[in-house]
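In our numbering, the protein residues as written are 1457 to 1613.
Positions of the beta carbon are idealized from the N, C-alpha and C atoms, including for glycine.
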């Protein structure tokens, strides 16, 4: 397997107009990554990648992220079997955000809570401000307690 190398960031033209991959990680060493379903376009999750997660994702064709809560690299689906197979990866104009289009194995879920998408609730806005969140998914695709064991303490999230 070829080792993916990031290019040093030198000029605006290089970052915005060249074919160089020169990602800009935040001061925390992380890059946001939005992940969508390759066939439907549905947003599945927003995750974070450090340089190692980014490299592994591109090199293996499977999504890796960095857990800010646990401070560890994680291979999406390693525990649940819900692996995200990368169909396409895009970097934004100033190379500080990544977009993955994926196919998810198993039930197709990407949310550790058991729903298909991590964005399973709508936030009321406008005239509806202050009303409760609305569930957009009516069922879970898997039971997280069965898959992961005990549910994490909310202070660890």
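Could you tell me the alpha carbon to alpha carbon distance between residue i and residue j, rounded to whole angstroms?
| i | j | result |
| --- | --- | --- |
| residue 1600 | residue 1467 | 46 Å |
| residue 1509 | residue 1484 | 14 Å |
| residue 1482 | residue 1470 | 19 Å |
Considering only the beta carbon of each residue, do residue i and residue j sit closer than 8 Å?
| i | j | result |
| --- | --- | --- |
| residue 1491 | residue 1500 | yes |
| residue 1504 | residue 1487 | yes |
| residue 1573 | residue 1593 | yes |
| residue 1587 | residue 1542 | no |
| residue 1494 | residue 1559 | yes |
Which stretch, first to last residue, makes up the alpha helix (DSSP H) that contains residue i?
| i | result |
| --- | --- |
| residue 1600 | 1600-1604 |
| residue 1468 | 1468-1473 |
Based on Cα-Cα distance, which residue from the options lies nearest to residue i?
| i | options | result |
| --- | --- | --- |
| residue 1604 | 1537, 1508, 1506, 1574 | 1537 |
Under 8 Å by Cβ, that's how I've got residue i and residue j pegged, so tell me the actual separation to the nearest angstrom.
| i | j | result |
| --- | --- | --- |
| residue 1540 | residue 1519 | 4 Å |
| residue 1590 | residue 1570 | With a Cβ gap of about 18 Å, residue 1590 and residue 1570 do not count as contacting. |
Would the C-beta of residue i count as close to the ligand GTP, meaning under 7 Å from any of its heavy atoms?
| i | result |
| --- | --- |
| residue 1519 | Among the components of this structure there are no ligands whatsoever, and the ligand GTP is therefore not found. |
Starting from residue i, trace the beta strand (DSSP E) in both directions and tell me its first and last residue.
| i | result |
| --- | --- |
| residue 1544 | 1540-1547 |
| residue 1502 | 1499-1505 |
| residue 1559 | 1554-1560 |
| residue 1520 | 1520-1523 |
| residue 1489 | 1487-1493 |
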